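Asker: Residue numbers (this note's numbering): -3 to 547.
1. For the alpha helix (DSSP H) that residue 394 lies in, which residues bound it at each end?
2. Please state if the CB of residue 484 and the CB of residue 475 are separated by a distance shorter than 8 angstroms.
3. Quick one: Cα of residue 323 to Cα of residue 202, how far?
4. For residue 276, which three-state DSSP category applies?
5. With a threshold of 16 other CB atoms inside 10 Å of the CB of residue 229, please say whether the residue is buried or exposed.
6. Got a sec: is the Cβ-Cβ distance from residue 403 to anything in chain B below 8 angstroms?
7. Does the distance from the C-beta atom of residue 362 to that of residue 327 stay below 8 angstroms?
8. Quick one: grab the DSSP three-state call for residue 506.
9. If you follow the beta strand (DSSP E) that residue 372 is part of, which residue opens it and which one closes it?
10. Helix, strand or coil: which one does DSSP assign to residue 469?
11. By the 10 Å Cβ neighbour count, where 16 or more other Cβ atoms means buried, how is residue 380 classified, buried or exposed?
12. What distance in whole Å lies between the Cβ atoms of residue 43 and residue 443, which are believed to be in contact at a cut-off of 8 angstroms?
13. In the DSSP assignment, the alpha helix (DSSP H) including residue 541 goes from what residue to what residue?
14. In the DSSP assignment, find the beta strand (DSSP E) that holds residue 58 and state where it starts and stops.
15. Please report the residue range of the beta strand (DSSP E) in which residue 412 lies.
16. Do residue 441 and residue 46 come within 8 angstroms of each other at the CB atom, strictly closer than that value?
17. Got a sec, what are the start and stop residues for the beta strand (DSSP E) residue 173 sits in?
18. Does DSSP put residue 387 in a helix, in a strand, or in coil?
19. Where does the unbroken beta strand (DSSP E) through residue 352 begin, and where does it stop?
20. Any contact of the stretch 255 to 267 with the stretch 219 to 237, i.e. 3+ C-beta pairs under 8 angstroms?
21. For residue 467 and residue 518, I'd like the C-alpha separation in whole angstroms.
22. Taking all protein chains shown into account, do 16 or more other C-beta atoms lie within 10 angstroms of the C-beta of residue 516, making it buried, or fewer, making it exposed?
23. To which residues of the same chain is residue 548 closer than 6 angstroms at the C-beta, ignoring the five residues directly before and after it?
24. Report the three-state DSSP secondary structure of residue 425 (helix, strand or coil).
25. Between the stretch -3 to 17 and the stretch 454 to 462, do three or more beta carbon pairs fall short of 8 angstroms?
26. Just to confirm my understanding: we take residue 187, look at its own chain, exclude 5 residues before and 5 after, and list those with CB closer than 7 angstroms. What are they?
27. Report yes or no: do three or more beta-carbon pairs, one from the stretch 405 to 423 and one from the stretch 17 to 35, lie closer than 8 angstroms?
28. Count the CB pairs spanning the stretch 271 to 290 and the stretch 332 to 343 that are closer than 8 angstroms, and state whether there are at least three.
29. Given that a residue counts as buried once 16 or more other Cβ atoms are within 10 Å of its Cβ, and exposed if not, what is residue 291?
The structure is reproduced here in C-alpha cells:
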C-alpha cells in the first residue's frame, strides 16, 4: 500500500472525511495552497502604532501617494466607511467618511494628520440652508429717469464653504419692488450655523423674470458669512448666474456605508433609502431611491451598485446619480454583517445566514460556499460577528464566536473556491489596492501587515480519511519539505473485540528520507497531520519502508 499527496487543496467541511477527493483536506491552518504545496504564511509585521485606546473597528491609510506603511493611519473605534473624493484638481487628498453614530464628515491633508488621533480634524459634510428669511427694504434712487418701472423681486441667500461648496438657499424674502440703481438694505440674515462647518461666505440672489415670465434667482453679491446686514445698489443688467434648480442639500445625519462610484459621485444609505451625491460635488446629496427593506450596506462592482438589506438584495446598473434605480433581485439572502460586503472576483460577496452569497454582474444571487459548508457549520462561526477584506483574489473573513476567534480564507485564484483557516484574528482590516497589500488591526491595537514578517506562522494540515481495502499496518512515511523539522502524526483506526479504536503515532521528521512508523496494528482507515514552519510539497505513507519510494 502506498499513498502519495503532491497537490494539496483546501478544506471541504461539508463532505465526510472519507469521501473527500484526492488532495483535499480536513483542516488547513496558516498555509497558502496557491501553488499546490503547503506554504506557511509569515507572521504579520507591525507597521504602525495607533493612538486611540480601544478596539479598532476600521483602519484606512491616508497619504495615498506616499509609499510608507507606517504613516498616516486613520483609525476608528466604530464601524466606518471611507472614500476618496472625486474632486477635480484636488491637491489635498480630500477624504470623506461615515462613522456609526456620527454625521458624515470630510478631511484633507491640511488638517488630518496633526496628531496621532487620525483623522485629527474634519468638517461636517454638506452645507446647510439658512433657517431665517432676510428682510429687504428699498431706498429709491434720487431723480429716477422718466418712465422707470420697478419690478417685483425676491431675495434669498446661501452659505458657501472655503472650498467653494454652496448649499441650498433659505426661504425667500417677502416681495419688494426695485429698479436698477435703487439701494437694497438687507437685514435679519443669520450667521453660519454652529458645528464643524467650513462656512466662510454668503451668496445673495435676487429674482428677475425671464422671457417666459418665470422668476429666476440670480447672483447679486457675496458677503462674509458672519454678516447679518448688507446694503448696496442693485443693477439688474449685471446680475450673475442663476441659482441651481436642484438644491445641493447635505446628506442625512445618519448616512452610512459611504462609497465612491467611478461615475464621479458618492453613494450612501439611510434607513431604507439609497442616497447619491451630485457628480463631482460630494457635498450635495439631492437624489435618493427607496427600497422595501432596511439597508445593511453595499458595494460597487464595475459601474453597478449592489445594495444588501435585511431582506432582499438590490442591484442598480446605472452609472448616473439621477437615474440610478435599485431593482430587487431574486433569491432572498439577507445580509447579516455589514463589514462582510466586499467586491470580489466576478461580483459582490457578503455573509448571509446560509453562507457567503455572491451577486454577479448579471444579477444572479447564490450561496457560493454551499459546496464547502453546511448551514449549521457556517452558523457555528457566528456570521453576524464577521468582517472581511479582499486581497489577491482571496476573501479574508474574520469571526468571533465567543469561544474562538480566527479567520477563514476563501481563495478563487485557481477557479473553484478553496477554503483554509488562520488563527490570526483581526478586529479590522484594510486592503490597499495601490500597494497590493493587506493590513490588519490586531487585538494589540496596532496595524500589522499580513504575511509581512520574517518568521513563518506555525502551519498545520490534516489529510482526508483514507479507507483501505483490507486491514494492514501503516509502517512508513516520507515528508518532502523546504526545511525541517516537521511534525508528522498518524491517526489510524483498528478493529478490536470492543469495537473501533484510534491509534495515534507521532514522528519528528528531520530530513527528506523515508522513515519507519513504530506500531503493531492493522488498520482499516487512517489520516495524517503535518505541522511545520517551512513549505511542504509532498507527503507519502506506505505499509512498509520499501513502498515509500516505489512508483
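Ideal placement from N, C-alpha and C gives every residue a C-beta, glycine not left out. Note that the coordinates shown come from a computational prediction; the quantities given were computed from them, not determined experimentally.
Answerer: Let's see:
1. Premise fails: residue 394 lies in the beta strand (DSSP E), 390 to 396, not in any alpha helix (DSSP H).
2. yes
3. 42 angstroms
4. coil
5. exposed
6. Here there is only one protein chain, and chain B is not present.
7. yes
8. coil
9. If you look at residue 372, you'll find it isn't in any beta strand (DSSP E); it sits in the alpha helix (DSSP H) that goes 371 to 375.
10. coil
11. exposed
12. Separation of the CB atoms of residue 443 and residue 43 is rounded to 5 angstroms, and the pair is thereby assigned contact status at 8 angstroms.
13. 541 to 544
14. Counting along the chain, residue 58 falls outside any beta strand (DSSP E), and DSSP gives it neither H nor E.
15. Careful: residue 412 lies outside any beta strand (DSSP E) and carries neither H nor E.
16. Yes. Within cutoff.
17. 172 to 174
18. strand
19. Note, residue 352: beta strand (DSSP E), 352 to 356.
20. no
21. 5 angstroms
22. exposed
23. Here the chain covers residues -3 to 547 and nothing more, so residue 548 does not appear.
24. strand
25. yes
26. Excluding sequence neighbours, residue 187 sits near 221, 222 and 224.
27. In this structure the stretch 405 to 423 lies against the stretch 17 to 35, because at least three pairs of beta carbons, one per stretch, are closer than 8 angstroms.
28. Cβ pair count under 8 angstroms is below three, so no.
29. buried
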